[in-house]
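Reading through the structure tokens given below for one structure.
Protein chains: 2
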Amino acid sequence: MTHHVRIGLLGCGNVGGGLVQLVADEGVRIRERYGVALEIVRVLVRDGERERPGVDRRLITTHALDVLDADCDVIVELIGGVHSAGSFVRRALARGCNVVTANKALLANCGRELFAMAERNDVTIGFEASVCGAVPVVRALRRGLAGDSIESIAGILNGTCNYVLTRMEEGLDFETALLRAQANGFAEADPSLDIDGEDAAQKLRILADLAFDAPVRRAIMMGIRGVTSAEIDDASEKGCVIRLVAEARRVAGGVEMSVAPRLVPKSDPFARAIDEENVVMIRGRASGDVTLSGRGAGPLPTASAVLSDILECGDRSRRFATV
Amino acid sequence: MTHHVRIGLLGCGNVGGGLVQLVADEGVRIRERYGVALEIVRVLVRDGERERPGVDRRLITTHALDVLDADCDVIVELIGGVHSAGSFVRRALARGCNVVTANKALLANCGRELFAMAERNDVTIGFEASVCGAVPVVRALRRGLAGDSIESIAGILNGTCNYVLTRMEEGLDFETALLRAQANGFAEADPSLDIDGEDAAQKLRILADLAFDAPVRRAIMMGIRGVTSAEIDDASEKGCVIRLVAEARRVAGGVEMSVAPRLVPKSDPFARAIDEENVVMIRGRASGDVTLSGRGAGPLPTASAVLSDILECGDRSRRFATV
Chain G
24 MTHHVRIGLL
34 GCGNVGGGLV
44 QLVADEGVRI
54 RERYGVALEI
64 VRVLVRDGER
74 ERPGVDRRLI
84 TTHALDVLDA
94 DCDVIVELIG
104 GVHSAGSFVR
114 RALARGCNVV
124 TANKALLANC
134 GRELFAMAER
144 NDVTIGFEAS
154 VCGAVPVVRA
164 LRRGLAGDSI
174 ESIAGILNGT
184 CNYVLTRMEE
194 GLDFETALLR
204 AQANGFAEAD
214 PSLDIDGEDA
224 AQKLRILADL
234 AFDAPVRRAI
244 MMGIRGVTSA
254 EIDDASEKGC
264 VIRLVAEARR
274 VAGGVEMSVA
284 PRLVPKSDPF
294 ARAIDEENVV
304 MIRGRASGDV
314 TLSGRGAGPL
324 PTASAVLSDI
334 LECGDRSRRF
344 ATV
Chain Z
24 MTHHVRIGLL
34 GCGNVGGGLV
44 QLVADEGVRI
54 RERYGVALEI
64 VRVLVRDGER
74 ERPGVDRRLI
84 TTHALDVLDA
94 DCDVIVELIG
104 GVHSAGSFVR
114 RALARGCNVV
124 TANKALLANC
134 GRELFAMAER
144 NDVTIGFEAS
154 VCGAVPVVRA
164 LRRGLAGDSI
174 ESIAGILNGT
184 CNYVLTRMEE
194 GLDFETALLR
204 AQANGFAEAD
214 PSLDIDGEDA
224 AQKLRILADL
234 AFDAPVRRAI
244 MMGIRGVTSA
254 EIDDASEKGC
264 VIRLVAEARR
274 VAGGVEMSVA
284 PRLVPKSDPF
294 ARAIDEENVV
304 MIRGRASGDV
314 TLSGRGAGPL
324 PTASAVLSDI
334 LECGDRSRRF
344 ATV
């Protein structure tokens, strides 16, 4: 018995292109292993004229409704931003489609409303790709550690800042290191979202919502813009490095969150995160410290998280048409 | 809407006792957060006379059928071994109960048959607790990385061997270190299962089945019994430590598995696993290296993995009676 899964793709940039490639590469294995036949049925793009290797031209459209009304099982939202993305996701949920998204800004801004809407329509929103790329931290919190009370979450959640700090340890100044991150495709379109801590704060917010389900009592956000080469050298002399650490912890009556540069001993797991690597340490009352790490960015790692969510939608709802 | 989940517990040793405690500690939170009301309805023990703090005496029985026929939603199998445990699990599946188990020997020996039986009866077998305690590596492979082709899995899967090796680095000889591991409750009842590599091999087999779904072409199993203090010192002079590394990797036509002591540079993530810590590194074609680590043994970490599986049974099948 094969379940046929019709996928509508909103956005075909780095991650969207990665997903198209991954579906082509893994399609046969997934069909044989899980009995799921994946088909991308429509693809929304901004520029319909651009050449996109691997993407069937006939699937491409510049009209979102062509995708949203194409009778899909899953809508994959990869356009980013809050306004258009939000209205597309709402329309998909209202039509009874599952949604998979990598859009942390959308979830940080209106996650609660969207999850409630998904529940009313008996569909799911997969968002593993929105935090830490291929590292399955959303599943770890949602499922693997669901039986435990989480006391704190701390991590290196922004690959760009970590890349910049790692390059500065090698002697580059801040501006040159940032340019190098952008050239390597790690930085967000607007790098200030990375550098000022906003991106890490959004991811932390998503993880904290999963872990604590409690009001935010205090939130601090500092980026790495002020970090100088002299401070990096000074840290090194003390046997430390500087890392942008995001931390959320349970306090009386709620949750306290902070994103800030910290001095971290070189032997610490956070110090050992180099370049665009992400690390998350989850402290549970019964389970102790569980640490997850891996590539937090990049088209294929992120696309692999999207694809896992697509497979899980199918697994959970079992509403896909049988071929 | 609250789902009521009736749990039948087979075995009330370290992990079973941990589960009883965890259900008491987390019950209110889980009811409020997930709408699931957990109730342990019967508990099978070997010695009905022993005092068990926190366990209601009226639930205790020494007859397995009292538990298996108690109209449970989930049977939790924590008695270990293959023969009795296997027949209890088969009976539970045949009755349409979900099963959660921490029994790696059972899964390594007859996992394929039991999973097929579960599928025929439209129930699930949760086994997160069978590998690496609280570290959600089973979920990472089953779900988080389902969209990717796994190339290799390598890890420190046996906490006892790692504890012994770590103590030997501090100057203890093999026998004294092993006695210390037993005194701390890490070692299996029969420590030769740990020391000779069998326990790590069983866990590796479970992970490899999840990751590769391919025949085993070659398997090597060596334990740490022959490792001497002189070898530990010699490794240290080379900037290395000795670790019992379990590795499975895709080769032409199947999978190659090995469990063996290896020389590992001190800067390696495997070297940094100390005492009973477990580490697993999963290499995916698209996702790159994803590493998970945490406490691989102990009553509460293992019980927290069992409880997460209980919650997921309920979430997936939605067959629990509504109160």
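Going line by line, the protein sequences match chains G and Z. Under our numbering, the residue at position 41 of the first sequence is numbered 64, and the numbers go up by one with no gaps. Under our numbering, the residue at position 98 of the second sequence is numbered 121, and the numbers go up by one with no gaps. We put the CB at the ideal spot given by N, CA and C, even for glycine.
Query raised in the report: If you measure beta-carbon to beta-carbon, which residues of the stretch 310-332 of chain Z are closer than 7 Å to chain G?
Result: Going along the stretch 310-332 of chain Z in chain order, one finds S310, G311, D312, V313, T314, L315, S316, G317, R318, L323, P324, A326, S327, L330 and S331 with a Cβ nearer than 7 Å to chain G.
Query - For Z/M304, three-class secondary structure by DSSP - result: strand
Query raised in the report: Is Z/L168 closer than 7 Å to Z/G307 when the C-beta atoms are compared?
Result: yes
**Report entry** According to DSSP, residues forming a beta bridge with G/V64
**Finding:** According to DSSP, G/V64 bridges with nothing at all.
Report task. Alpha carbon to alpha carbon, how far is Z/I305 from Z/V313? Give it in angstroms, no decimals. Result -> 5 Å
Report task. Please name the residues in the stretch 40-66 of chain G whose beta-carbon is closer than 8 Å to at least one beta-carbon of chain Z, in chain order. Result -> G41, L45, D48, E49, R52, I53, R56 and Y57
**Report entry** Listed by chain order, chain C residues near Z/V158 by CB distance under 7 Å
**Finding:** Protein chains in the displayed structure are G and Z, and chain C is not among them.
**Report entry** Inter-stretch contact (C-beta, 8 Å, three-pair minimum) for the stretch 329-336 of chain G and the stretch 148-159 of chain G
**Finding:** With a cut-off of 8 Å, the stretch 148-159 of chain G and the stretch 329-336 of chain G count as touching, because enough Cβ pairs lie within range.
Query raised in the report: If you scan the stretch 184-250 of chain Z from start to end, which runs of the beta strand (DSSP E) of 3 or more residues do you find wholly inside it?
Result: Counting only runs that start and end inside the stretch 184-250 of chain Z, the beta strand (DSSP E) elements of at least 3 residues fall at 239-244.
Query - Within chain Z, the residues that G/S172 reaches when beta carbons sit closer than 8 Å - result: D48, E49 and R52
Report task. Compare the C-beta of G/L334 against all C-beta atoms of chain Z and say whether one is closer than 7 Å. Result -> With its beta carbon less than 7 Å from one in chain Z, G/L334 belongs to the interface.
Query raised in the report: Rounded to a whole number of angstroms, what is the C-alpha to C-alpha distance between Z/F343 and Z/L116?
Result: Only weak support is given to the placement of Z/F343: the predicted model assigns it a pLDDT of 43, under 50, and the value that follows is read from those uncertain coordinates. Straight across, the Cα-Cα distance linking Z/F343 with Z/L116 is about 16 Å.
Query raised in the report: Taking C-alpha atoms, which residue in G/M24, G/A269, G/V28 and G/P76 lies nearest to G/N185?
Result: G/A269
Report task. Work out the CA separation of Z/N181 and Z/E136 for me, nearest whole Å. Result -> 26 Å
Query - Continuous beta strand (DSSP E) stretch holding Z/R31: start and end - result: Sequence check: residue 31 of chain Z is Gly here, not Arg. Unbroken beta strand (DSSP E) run through Z/G31: H26 to L33.
Report task. Please determine if the stretch 90-102 of chain Z and the stretch 117-126 of chain Z are in contact, where contact requires at least 3 C-beta pairs separated by less than 8 Å. Result -> The stretch 90-102 of chain Z is in contact with the stretch 117-126 of chain Z.
Query raised in the report: Starting from G/R81 and walking both ways along the beta strand (DSSP E), at which residues does that stretch end?
Result: Where G/R81 is concerned, there is no enclosing beta strand (DSSP E), because DSSP gives it neither an H nor an E.
Query raised in the report: G/A115 lies in the beta strand (DSSP E); which residues open and close that run?
Result: G/A115 -> not in any beta strand (DSSP E); alpha helix (DSSP H) instead, spanning H106 to A117.
Query raised in the report: Taking Cβ to Cβ, would you say G/G156 is nearer than 7 Å to G/T25?
Result: Remark: C-beta atoms of G/G156 and G/T25 do not approach each other more closely than 7 Å.
Report task. Consult DSSP for G/N144 and reduce its assignment to one of helix, strand or coil. Result -> G/N144 carries a coil assignment under DSSP once its states are collapsed to helix, strand and coil.
**Report entry** Candidates G/G77, G/L286, G/A242 and G/R52, of which the one nearest G/A223 by Cα
**Finding:** Of the candidates G/G77, G/L286, G/A242 and G/R52, the one whose C-alpha sits nearest the C-alpha of G/A223 is G/A242.
**Report entry** Spatial neighbours of G/R248 in its chain, beta-carbon cut-off 6 Å, leaving aside the 5 residues before and after
**Finding:** For G/R248, where only same-chain residues beyond five positions count, the Cβ hits under 6 Å are I218.
Query - C-alpha gap between Z/T345 and Z/S172, whole angstroms - result: Note that Z/T345 scores a pLDDT of 35, beneath 50, so its modelled location is shaky and nothing firm can be said.
**Report entry** Contact with chain G by Z/R162, beta-carbon distance below 7 Å
**Finding:** yes
Query raised in the report: For Z/I333, which three-state DSSP category applies?
Result: helix
Query - Contact set for G/G41: own chain, Cβ-Cβ below 7 Å, skip 5 residues either direction - result: P322, L323, T325 and A326
Query raised in the report: According to the neighbour-count rule (16 or more other Cβ atoms, all chains shown, within 10 Å of its Cβ), is Z/R341 buried or exposed?
Result: Unreliable positioning characterises Z/R341 in this predicted model, as indicated by a pLDDT of 43, which lies under 50. The coordinate reading is nonetheless provided below. When all chains shown are included, Z/R341 counts as exposed.
Query - Cβ-based burial, Z/D257 [other Cβ within 10 Å; buried from 16] - result: exposed
Query raised in the report: Going along the chain, which residues of its own chain have a beta-carbon closer than 8 Å to the beta-carbon of Z/P214, five neighbours each way excluded?
Result: Excluding positions up to five away in sequence, the list reads T183, L201, A204 and Q205.
Report task. Would you kindly work out how many angstroms separate the C-alpha atoms of G/R65 and G/D92, rounded to a whole number? Result -> 10 Å
Report task. Could you tell me whether the Cβ of Z/F343 comes closer than 7 Å to any Cβ of chain G? Result -> Residue confidence is low: Z/F343 scores 43 on pLDDT, short of 50, so the model does not pin down where it sits. Its coordinate-derived value is still stated next. Taking Cβ atoms only, chain G never reaches closer than 7 Å to Z/F343, which makes this a no.
Query raised in the report: Going by the CB atoms, is the gap between G/V302 and G/P288 shorter than 7 Å?
Result: Going by C-beta atoms, G/P288 is not nearer than 7 Å to G/V302.
**Report entry** Nearest-angstrom beta carbon gap, Z/V282 and Z/L267 [assumed within contact, 8 Å]
**Finding:** 7 Å
Query raised in the report: Under the rule that 16 or more other beta-carbon atoms within 10 Å means buried, what is G/R273, buried or exposed?
Result: buried
Query raised in the report: Can a CB atom of chain Z be found closer than 7 Å to the CB of G/A125?
Result: Not one chain Z Cβ lies under 7 Å of G/A125.
Requested in this report: Please name the residue or residues paired with G/E348 in a DSSP beta bridge.
Outcome: Residue 348 of chain G cannot be examined here, being either before or after the span of chain G that is shown, 24 to 346.
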